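The sequence shown begins at 374 in this note's numbering and counts up one residue at a time.
Even glycine gets a Cβ: it sits at the ideal position worked out from N, Cα and C.
These figures come from a predicted structure and were not determined experimentally.
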Amino acid sequence: MAALSEVRGTGDNGFSREKTIVKTSMIGITANVFLAGFKAVIGLMTNSIAIVLDAVNNISDAGSSLITIVGTKLAGKEPDKKHPFGYGRIEYLSAMIISVIVLYAGITSFVESVKQIIHPETPDYNAVSLIIVAVAVAVKIMLGRYVRGVGIKVKSDSLINSGEDAALDSIISASTLFAAGIFLIFHISLEAWLGAVISVVIIKSGIEMLRDTISRILGERNDTELAGAIHDTVMSFPDVQGAYDLVLNNYGPDTWNGSIHIEVPDTYSADRLDRLIREITMKVLHEHRVILTAIGVYSVNTKDEEIIRAKRQVEEIVLAHKYVRQMHGFYLLKDQKTMRFDIVVSFDAKDRRAVYNEVVADVQKSFPDHRLQVAMDADFSEE
374 MAALSEVRGT GDNGFSREKT IVKTSMIGIT ANVFLAGFKA VIGLMTNSIA
424 IVLDAVNNIS DAGSSLITIV GTKLAGKEPD KKHPFGYGRI EYLSAMIISV
474 IVLYAGITSF VESVKQIIHP ETPDYNAVSL IIVAVAVAVK IMLGRYVRGV
524 GIKVKSDSLI NSGEDAALDS IISASTLFAA GIFLIFHISL EAWLGAVISV
574 VIIKSGIEML RDTISRILGE RNDTELAGAI HDTVMSFPDV QGAYDLVLNN
624 YGPDTWNGSI HIEVPDTYSA DRLDRLIREI TMKVLHEHRV ILTAIGVYSV
674 NTKDEEIIRA KRQVEEIVLA HKYVRQMHGF YLLKDQKTMR FDIVVSFDAK
724 DRRAVYNEVV ADVQKSFPDH RLQVAMDADF SEE
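In structure tokens:
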């Protein structure tokens, strides 16, 4: 099997990704520390609870960036006996921590806003404070777009979450300016009420971030684009007549391994098959950075026309069922009257086992003297 380090990116690509994440996070830390300092001073001077909470939020953002750096560094550790697939999933844990911080910040802001609604304090705005807050809004918008963009580019959930959090911060700061304008014109303080509304938005965002990260840790369906590309690569080998049952396991944003089944003629010798499997493994590794830890083999009947006709008949029966997406791995032993094949039943079926039983029963009716060996598969790339 190919070395995991080839996929994990211990070379230039992996180093470049880690360096990019760390650099982006450092920019986030620097920007947030400066913004927090300015806002804390202005908030205390103007007696504005909204600006003070905004400053605290900037400090939490700086902490999020620090967590991203630590998570990225830990995720880059080499595989060892205890964790032979590496530490890439630590990045998902750091993204989860950031989600919890965002959620906590939203809940805290909501509590403080409610306190301010019950016991209001009159703010004291001035031109300088409002200009600084306006600049902070612009900085946060640019920072959020930059961090999120880099996160998408390098496939870092932590950076993406930090970027979305920065975008929410810009909305908070903008609402503070809006509240200040209302107060200066109409002498009505809406700070606390706006703070409560924005807090609900932050809480919602934190829950969504947490949900998405947990979903990745639990294990999601195959990446459709990646699965399709791997399928095409495997099928590019002339003697491969089918490629099925692709399973991809994610051990970090840039670390994948998996398994697949291929159909080859029943005339293949062991040494020829061994060479083919090795060539497929290396091509998939180099083109898609995915280690195929196992390649199963289905032999295809090629020498008996009667068997080939039987396969077509079985395929018609199987695919006539609504929720059957595919049939593969067909092989028939005439002397033993044994027929084996796999069927892929959609997750849309209310009872996949019932569909499977119906298919087997229908095939058995058409071939009553044959012993059936039918396996139920799933398409892990199904949308």
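Asked                                                                                                  : Found
Burial state of G479, where buried means 16 or more other Cβ atoms lie within 10 Å                     : buried
Cross-strand partners of W629 (DSSP beta bridge)                                                       : N623 and V663
Option nearest L619 by Cα separation, candidates F556, V607 and P626                                   : V607
Where H492 falls: helix, strand or coil (DSSP)                                                         : coil
Any non-hydrogen atom of the ligand FAD closer than 7 Å to V475 Cβ                                     : The ligand FAD is not part of the structure shown, which contains no ligands of any sort.
Beta-carbon gap between N534 and M582 smaller than 8 Å                                                 : yes
Secondary structure of Y465, DSSP reduced to three states                                              : helix
Stretch-stretch touch, CB-based, cutoff 8 Å, three pairs: the stretch 434-442 with the stretch 391-403 : yes
C-beta contact flag for K707 and D742 at 8 Å                                                           : no
Minimum C-alpha distance to N420 - residue among G449, F483 and P493                                   : P493
Cβ contact check for the stretch 681-698 and the stretch 652-659: 3 or more pairs under 8 Å            : no
Cβ pair G517, A539 closer than 8 Å                                                                     : yes
With 16 other Cβ atoms within 10 Å as the buried cut-off, status of G837                               : Here the chain covers residues 374 to 756 and nothing more, so residue 837 does not appear.
Helix, strand or coil at A511 [DSSP, three-state]                                                      : helix
Distance between V406 and D427 (C-alpha atoms, nearest Å)                                              : 12 Å
Proximity of H661 and A602 at Cβ, strictly below 8 Å                                                   : yes
Which residues DSSP lists as bridging D715, in chain order                                             : H701 and A748
Nearest-angstrom Cβ-Cβ length linking E464 and S529, presumed shorter than 8 Å                         : 7 Å
Segment contact, 8 Å Cβ cut-off, at least three pairs: the stretch 662-672 with the stretch 625-642    : yes
CB contact below 8 Å: I558 versus chain C                                                              : Going by chain labels, chain C is absent from the structure shown, which holds only one protein chain.
Rounded Cβ spacing between T640 and T675 (contact assumed at less than 8 Å)                            : 6 Å
DSSP three-state assignment for A616, whether helix, strand or coil                                    : strand
Burial state of K738, where buried means 16 or more other Cβ atoms lie within 10 Å                     : exposed
CB of G801 within 8 Å of CB of G615, strictly                                                          : Past the boundaries of the shown model lies residue 801; the chain is included only from 374 to 756, so the question cannot be answered.
Within the stretch 718-747, ranges of the alpha helix (DSSP H) (whole runs, at least 4 residues)       : 725-739
R698 beta carbon less than 8 Å from that of D612                                                       : no
Residue span of the alpha helix (DSSP H) that contains L366, given as start and end                    : No information on residue 366 is available, as it lies outside the stretch 374 to 756 that the chain covers here.
Own chain residues within Cβ distance below 7 Å of K454, not counting five before or after             : none
L466 to V574 span [Cα, whole Å]                                                                        : 23 Å
8 Å contact criterion, which I474 and S437 should meet: CB distance rounded                            : 6 Å
Residue from G410, V691, P638 and K577 whose Cα sits closest to the Cα of D677                         : P638
Same chain, Cβ closer than 7 Å to A448, neighbours up to 5 away in sequence not counted                : Y460, G461, I463, E464 and G625
Pairwise C-alpha distance: E537 and L692                                                               : 45 Å
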